[in-house]
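One structure below.
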Amino acid sequence: MKYKKEGHYIKFESIEDMPPMAVSFASTLYNKTGSWRSELPIIDYDKCILCMLCWKFCPDAAIDIIDDKPVINYDYCKGCGICAEECPKEGALYMVEEKK
Amino acid sequence: MIKPMMGNHALSYGALLSRAQVISAYPITPQTQVVELLSEMVADGSLNAKFIKVESEHSAMAACIGAAATGARTFTATSAQGLALMHEMLHWAVGARLPIVLGNINRAMGPPWTVWTEQTDSLSQRDTGWMQIYAADNQEVLDSVILAYKVSEKVLLPSMIVLDAFFLSHTSEPVDVPDQEKVDEFLPPYNPELKLDVNDPHAFGGLTGPGGYMELRYLIQKAHEDALIEIEKAGDEFHKIFGREYKLVETYRTEDAEIIFVALSTVAQTARIAVDSLRKKGIKAGILRIRVFRPFPSETIRNILKNVEKIIVYDRNLSPGRGGIVYHELSAALHHGRLDTPVWGIIGGLGGRDVTPKDIEEMFLMVLKEEKPEREIIWKGLKK
Chain G
891 MKYKKEGHYI KFESIEDMPP MAVSFASTLY NKTGSWRSEL PIIDYDKCIL
941 CMLCWKFCPD AAIDIIDDKP VINYDYCKGC GICAEECPKE GALYMVEEKK
Chain F
78 MIKPMMGNHA LSYGALLSRA QVISAYPITP QTQVVELLSE MVADGSLNAK
128 FIKVESEHSA MAACIGAAAT GARTFTATSA QGLALMHEML HWAVGARLPI
178 VLGNINRAMG PPWTVWTEQT DSLSQRDTGW MQIYAADNQE VLDSVILAYK
228 VSEKVLLPSM IVLDAFFLSH TSEPVDVPDQ EKVDEFLPPY NPELKLDVND
278 PHAFGGLTGP GGYMELRYLI QKAHEDALIE IEKAGDEFHK IFGREYKLVE
328 TYRTEDAEII FVALSTVAQT ARIAVDSLRK KGIKAGILRI RVFRPFPSET
378 IRNILKNVEK IIVYDRNLSP GRGGIVYHEL SAALHHGRLD TPVWGIIGGL
428 GGRDVTPKDI EEMFLMVLKE EKPEREIIWK GLKK
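Chains G and F, in that order, are what the protein sequence lines are. Residues 891 to 990 in the working numbering are what the first sequence lists, from first letter to last. Residues 78 to 461 in the working numbering are what the second sequence lists, from first letter to last.
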């Protein structure tokens, strides 16, 4: 198959190399959408009450529960801030400016 | 097998013989019978397809897009306001490179409310990237559906088969219905390389930045240029199997013609009577019917028109503020070839007004008397 490329960053070298339509060949395992982020959520585990509301509300499933704690997956978190907005405990989950 | 059938049913039979797998449509006069018969064919099992009922033409095209993206052969039909409502999705079908086939019955745009023929509905969609084939009889309507799938699936562009409201849509003519086995031989099942498949997932139509969009548009243009060749190739193969010949354009008595009348659709058939009558009077008249409007066969048209003295373009359409759409397309093609043959751009037959052989003969006689056109837009048959 002419267009078949295996899952990693693909650069088309020429117009003949391109598929006729916009189509993804790699999965999001390779397309780390966390690079879009301009604000970064931080969990302060000393204050976290482990209610898991942040895990429940994250629209991108970018918060995992690991060892009974919410853990943000920064590879895919786009920094929307919904987790910080929904967090009921003052100072347990807050946003800081992304510095990259 | 010869069957008497109206143009609308010729479209239905074209989709049946092409083994369309998904049909989605919304009824609108004068298109309704196309999908009415197809729904009966699906219901009685003669056509093995899904018939998806929807609440609008926008949804009908969206359903065809979704189905075509999985590799299904899809068909829909519409007219005028319905086609206009599909507009956004027409662009999508092209950008996604889906070989959907659509039958459009030319109907004038409202308001005022109307149902009669005019080409402005389909010509308004010329920049969406759909191929457009204008048929002039019911046999051509049926055959063009089969040919359209053949070419569309090769170049990955959708096709619109366009026919005049009532003059074709509701008029019965004898139509030779090809044998299913022969159609199957000509048109094998569609199996695209890239498609929506749960076992091989891809995202389609995703965000594409300035770094890639232009190349994708170039590829659409290139597909149209390839289609000019593929349409003729498919036409030759069709001719060998079925004995009927279809090309980018159709000519009538053009070999030694001094004045050529150019038009889309059935007006070009009516013009044969006028041309025969003029020939008897010693006037070297001929006809060029543009069958395929997109891709526009500029070179073919220039080759036919390069030696004539005068050209008449008859537009049963109007781009308000500019004039006849075919007139301007054709003038641009002539200009590129540095041909300065005078072209009379005549508008008439709007909203289904009758165009008779006498009307066409009068156009020739008017042009004979003039050295060059006095105006860019000439109205024929306008009430004083």
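Every residue, glycine too, gets a C-beta built ideally from N, C-alpha and C. Source: prediction; values computed, not measured.
Alpha carbon of residue i to alpha carbon of residue j, nearest angstrom
i       : j       : result
V344(F) : K922(G) : 59 Å
S904(G) : D333(F) : 47 Å
C970(G) : N963(G) : 13 Å
T295(F) : V252(F) : Note that residue 295(F) is Tyr in the sequence shown, not Thr. Near 39 Å, if we compare the C-alpha coordinates of V252(F) and Y295(F).
Y211(F) : G159(F) : 18 Å
E980(G) : V986(G) : 15 Å
V326(F) : C141(F) : 29 Å
Q346(F) : M83(F)  : 17 Å
Y329(F) : R366(F) : 8 Å
K259(F) : I455(F) : 47 Å
I364(F) : Q216(F) : 20 Å
Y984(G) : I972(G) : 10 Å
L355(F) : E438(F) : 7 Å
K968(G) : A280(F) : 19 Å
P255(F) : P287(F) : 47 Å
C938(G) : D958(G) : 12 Å
G458(F) : W207(F) : 32 Å
R321(F) : G426(F) : 29 Å
H86(F)  : V112(F) : 9 Å
S914(G) : G282(F) : 9 Å
P960(G) : P278(F) : 30 Å
L88(F)  : V218(F) : 6 Å
V956(G) : E988(G) : Note that residue 956(G) is Ile in the sequence shown, not Val. Whole-angstrom Cα-Cα distance: 24 Å.
Which of helix, strand or coil DSSP assigns to residue i
i       : result
R150(F) : coil
S199(F) : helix
W169(F) : helix
D436(F) : helix
E292(F) : helix
Q257(F) : helix
T343(F) : coil
W945(G) : helix
N276(F) : coil
F902(G) : coil
R366(F) : strand
V192(F) : coil
N125(F) : coil
K387(F) : strand
E132(F) : coil
Contact check, residue i vs residue j, beta carbons under 8 Å
i       : j       : result
G418(F) : V385(F) : Contrary to the premise, residue 418(F) reads as Thr rather than Gly in this sequence. Yes, they are a contact pair.
A154(F) : A126(F) : no
R203(F) : W193(F) : no
L94(F)  : I223(F) : yes
S249(F) : I238(F) : no
P397(F) : L305(F) : no
G422(F) : D392(F) : yes
R133(F) : L162(F) : Before going on, a small fix: residue 133(F) reads as Ser here, not Arg. Contact: yes.
A144(F) : Y103(F) : no
I336(F) : K387(F) : yes
P107(F) : A311(F) : no
P176(F) : L124(F) : no
S378(F) : L407(F) : According to the sequence provided, residue 378(F) is Ile. The question's Ser does not apply to it. Yes. Within cutoff.
P309(F) : K324(F) : The sequence shown places Glu at residue 309(F), not Pro. Closer than 8 Å, so yes.
A149(F) : V228(F) : no
I402(F) : L200(F) : yes
L264(F) : Y226(F) : yes
Chain F residues whose Cβ lies nearer than 9 Å to that of residue i
i       : result
I905(G) : E292, Y295, L296, K299
Per-residue contacts from residue i into chain F (C-beta, under 8 Å)
i       : result
P909(G) : L271
Residues that residue i contacts on chain F, provided the C-beta gap is smaller than 7 Å
i       : result
A982(G) : Those within 7 Å of A982(G) in chain F number zero; the least Cβ separation is about 34 Å.
Cross-chain neighbours of residue i in chain G, by beta carbon under 8 Å
i       : result
H279(F) : V913, S914, F915
G173(F) : According to the sequence shown, residue 173(F) is Ala rather than Gly. In chain order: M911.
T151(F) : Residues of chain G passing the Cβ test: none, with the nearest at roughly 16 Å.
Residue i beta carbon near the ligand SAM (any heavy atom closer than 7 Å)
i       : result
A334(F) : Ligands are entirely absent from the displayed structure, and the ligand SAM is therefore not among its contents.
Within chain G, the residues that residue i reaches when beta carbons sit closer than 7 Å
i       : result
V180(F) : Residue identity check: residue 180(F) is Gly in the sequence provided, not Val. Within chain G, no residue comes near G180(F); the closest Cβ sits about 24 Å away, beyond 7 Å.
T248(F) : Those do not exist, as T248(F) stays about 39 Å from chain G at its closest Cβ, beyond 7 Å.
L233(F) : P910
Partners in chain G for residue i, counting only beta-carbon separations shorter than 9 Å
i       : result
G206(F) : Here the premise fails: no neighbours, minimum Cβ distance about 12 Å.
G282(F) : M911, A912, V913
L411(F) : Chain G residues near L411(F): none, gap ~31 Å exceeds 9 Å.
**Report entry** Inter-stretch contact (C-beta, 8 Å, three-pair minimum) for the region 975-990 of chain G and the region 938-952 of chain G
**Finding:** They touch, by the three-pair rule.
**Report entry** Inter-stretch contact (C-beta, 8 Å, three-pair minimum) for the region 919-939 of chain G and the region 293-312 of chain F
**Finding:** no
Query raised in the report: Okay, do the region 438-451 of chain F and the region 397-417 of chain F touch, 3+ Cβ pairs below 8 Å being the bar?
Result: Counting Cβ pairs under 8 Å, fewer than three are found: no touch.
Query raised in the report: Per the contact definition of three or more C-beta pairs closer than 8 Å, is the region 908-917 of chain G in contact with the region 269-284 of chain F?
Result: yes
Query raised in the report: Does the pairing of the region 350-357 of chain F with the region 423-441 of chain F give three or more beta-carbon distances under 8 Å?
Result: yes
**Report entry** Cβ contact check for the region 114-126 of chain F and the region 165-173 of chain F: 3 or more pairs under 8 Å
**Finding:** no
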